[in-house]
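In this note's numbering, the protein residues as written are 1 to 358.
1) In chain order, what residues of the same chain have a beta carbon less than 7 Å from the beta carbon of residue 418, not counting five sequence neighbours either side?
2) At the level of alpha carbons, what is the spacing between residue 317 and residue 309?
3) Hey, out of 295, 242, 290 and 154, whose CA is closest to residue 264's CA?
4) So, does the stretch 219-236 touch the stretch 256-275, judging by three or more C-beta pairs under 8 Å?
5) Which residues share a DSSP beta bridge with residue 123?
6) Alpha carbon to alpha carbon, what distance is there between residue 245 and residue 256?
7) Helix, strand or coil: which one does DSSP assign to residue 286?
8) What does DSSP give as the partner residues of residue 222 in its beta bridges?
9) Taking C-beta to C-beta, are residue 324 and residue 300 nearer than 8 Å?
10) Is the Cβ-Cβ distance between residue 225 and residue 213 less than 8 Å?
11) Could you name each continuous beta strand (DSSP E) segment of 3 residues or more that falls completely within the stretch 263-326, going from the start of the chain to the end?
12) According to the Cβ coordinates, are residue 332 and residue 292 closer than 8 Å?
13) On the DSSP bridge list, what partners appear for residue 209?
14) When you compare the CB positions of residue 220 and residue 247, do they come within less than 8 Å of one another, or not?
15) Which residues share a DSSP beta bridge with residue 231?
16) Classify residue 342 as helix, strand or coil using the three-state DSSP reduction.
17) Can you tell me whether residue 106 is helix, strand or coil according to DSSP?
18) Give the DSSP-derived three-state secondary structure of residue 336 in the structure shown.
19) I want to know whether the stretch 159-166 touches the stretch 194-204 - three or more CB-CB distances under 8 Å.
20) DSSP state of residue 328, grouped into three classes?
21) What whole-angstrom Cβ distance do residue 129 and residue 208 have, given they're in contact under 8 Å?
22) For residue 39 and residue 127, what's the separation of their Cα atoms in angstroms?
23) Out of 184, 203 and 228, which has the shortest C-alpha to C-alpha gap to residue 147?
24) Does the contact criterion of 3 or more C-beta pairs under 8 Å hold for the stretch 68-83 versus the stretch 38-52?
25) What would DSSP say about residue 45, mapped onto helix, strand or coil?
26) Could you check the C-alpha separation between residue 305 and residue 123 for me, to the nearest Å?
27) Going by other Cβ atoms of all chains shown within 10 Å of its Cβ, with 16 needed for buried, is residue 133 buried or exposed?
28) Is residue 243 helix, strand or coil by DSSP?
29) Which residue wins for smallest C-alpha separation from residue 66, given the options 151, 155, 102 and 173?
30) Going by Cα to Cα distance, which pick from 117, 118, 94 and 57 is closest to residue 109?
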């Protein structure tokens, strides 16, 4: 409540234009919060509230349809900028989980993490057998923190459901989805199984690389994977220097997702730029399989029907499928939906591709 009220008060000062009060409320690094854009204030509040709220922000950063484009872009800053634990703490978790000293497991272990996210951090290492690996280590007590935070979020969502302005965002449903996601994501054994399934699905693909896992060195709290020596999509300058064909990368990414959705029924559900790698030959690699989505045969058929109806400009059939696949409210005006879809299909159906604003 203190964190939310601090940023809420800064918002109130900003709206009223109280110049004399703008410098009263300071952020964690000393900046005057009321002088910052409202989107930045929301990001800072989520960061100060900790891992669960950071994760909520990360999920919402991929949903501009829910929070708007400007806030979604600001929340993208949360994707990899999370404080790391000290190296001795990371090593202690490895030793507790594997029951032996770090030096016995790894010939080399880089104490400086490659990245730190809301659930854990990643260190580069080399096994005694010579393989270059990355070690994903959970932040200590993260599971206990998540349980408490989710209870708080549930209470806030319960209150938000009673405020008309918030009802359209379905806060209770968002928190329920967040709970399901996080409970799965803090179990690295589940991520290991996901990784093995993806690797099997893409074993014959020359365009997509999935890292090999080391099950004997992985537990619920640590995960050891093959190190992929590529560049992340976020490293655009390096990619340009190597004259990477971006059109080809985009095509491979699109084909990989079409395969995941329509052939495998299992897709990578956290495809932000930090989780996608590009190699000098233009092939792509996928990282972080804590969040995945599954489509059963029936839903895949319905999505295919939806695309067929779009191509055939059959707005009536489209309205039926959209109503069945989506969580349509009882009060939905299906006739109005069909009219809107007919207008949408007519507008885009004959548009030249160069004019198409995706």
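Backbone N, C-alpha and C define an ideal beta-carbon position, used for all residues, glycine too.
Let me lay it out:
1) The structure shown does not extend to residue 418, since the chain is modelled only from 1 to 358, so the question has no answer here.
2) For the purposes of this step, residue 317 is taken as residue 317 along the chain shown, with counting starting at 1. For the purposes of this step, residue 309 is taken as residue 309 along the chain shown, with counting starting at 1. Looking at the backbone, the Cα of residue 317 and that of residue 309 are separated by about 6 Å.
3) Numbered from 1 along the chain shown, position 264 holds the residue referred to as residue 264. Measuring from the Cα of residue 264, the nearest candidate turns out to be 295.
4) Judged by Cβ distances under 8 Å, the stretch 219-236 makes contact with the stretch 256-275, as three or more pairs qualify.
5) In the chain shown, the residue the question calls residue 123 occupies position 123. Answer by DSSP bridge pairing, in chain order: 135.
6) Position 256 of the chain shown, counted from the first residue, corresponds to residue 256. Position 245 of the chain shown, counted from the first residue, corresponds to residue 245. For residue 256 and residue 245, the distance between alpha carbons rounds to 17 Å.
7) Position 286 of the chain shown, counted from the first residue, corresponds to residue 286. Strand at residue 286.
8) Indexing the chain shown from 1 puts residue 222 at position 222. The partner list for residue 222 (beta bridge, DSSP) reads 137.
9) The sequence position of residue 324 within the chain shown is 324, counting from 1. The sequence position of residue 300 within the chain shown is 300, counting from 1. No; because the gap between Cβ atoms is not below 8 Å, this pair is not in contact.
10) As a working note, residue 225 is residue 225 in the chain shown. As a working note, residue 213 is residue 213 in the chain shown. Taking 8 Å as the Cβ cut-off, residue 225 and residue 213 qualify as a contacting pair.
11) 266-268, 276-278, 284-286 and 292-294
12) Along the chain shown, one-based indexing puts residue 332 at 332. Along the chain shown, one-based indexing puts residue 292 at 292. Not in contact: residue 332 and residue 292 (Cβ atoms no closer than 8 Å).
13) As a working mapping, residue 209 is identified with position 209 in the chain shown. Answer by DSSP bridge pairing, in chain order: 285.
14) Position 220 of the chain shown, counted from the start, is the residue given in the question as residue 220. Position 247 of the chain shown, counted from the start, is the residue given in the question as residue 247. Contact flag unset, no.
15) Taking the chain shown and counting its residues from 1, the one referred to as residue 231 is at position 231. Residue 231 is bridged to 278.
16) As a first step, residue 342 is located in the chain shown; it is residue number 342 there, counting from the start. Three-state result, residue 342: helix.
17) By one-based count along the chain shown, residue 106 stands at place 106. Taken through DSSP and simplified to helix, strand or coil, residue 106 comes out as strand.
18) Residue mapping note: residue 336 aligns to position 336 of the chain shown, counting from 1. Residue 336: helix per DSSP, three-state reduction.
19) no
20) Taking the first residue of the chain shown as 1, we reach residue 328 at position 328. In this structure, residue 328 counts as coil in the three-state DSSP scheme.
21) In the chain shown, the residue the question calls residue 129 occupies position 129. In the chain shown, the residue the question calls residue 208 occupies position 208. So it is not a contact: roughly 26 Å between Cβ atoms.
22) Residue mapping note: residue 39 aligns to position 39 of the chain shown, counting from 1. Residue mapping note: residue 127 aligns to position 127 of the chain shown, counting from 1. The straight-line gap from Cα to Cα measures roughly 44 Å.
23) By 1-based counting over the chain shown, the position of residue 147 is 147. Residue 147 has its Cα closest to that of 184, out of 184, 203 and 228.
24) yes
25) One-based indexing of the chain shown puts residue 45 at position 45. Helix, per DSSP.
26) Here residue 305 is taken as the residue at index 305 of the chain shown, counted from 1. Here residue 123 is taken as the residue at index 123 of the chain shown, counted from 1. Near 45 Å, if we compare the C-alpha coordinates of residue 123 and residue 305.
27) Counting from one through the chain shown, the residue named residue 133 turns up at place 133. By the neighbour-count rule (16 or more Cβ atoms within 10 Å), residue 133 is buried.
28) One-based indexing of the chain shown puts residue 243 at position 243. Three-state result, residue 243: coil.
29) What you label residue 66 is simply residue 66 of the chain shown in a count that begins at 1. The option with the nearest alpha carbon to residue 66 is 173.
30) Stepping through the chain shown from its first residue, residue 109 is reached at position 109. For the residues 117, 118, 94 and 57, the minimum Cα distance to residue 109 belongs to 94.
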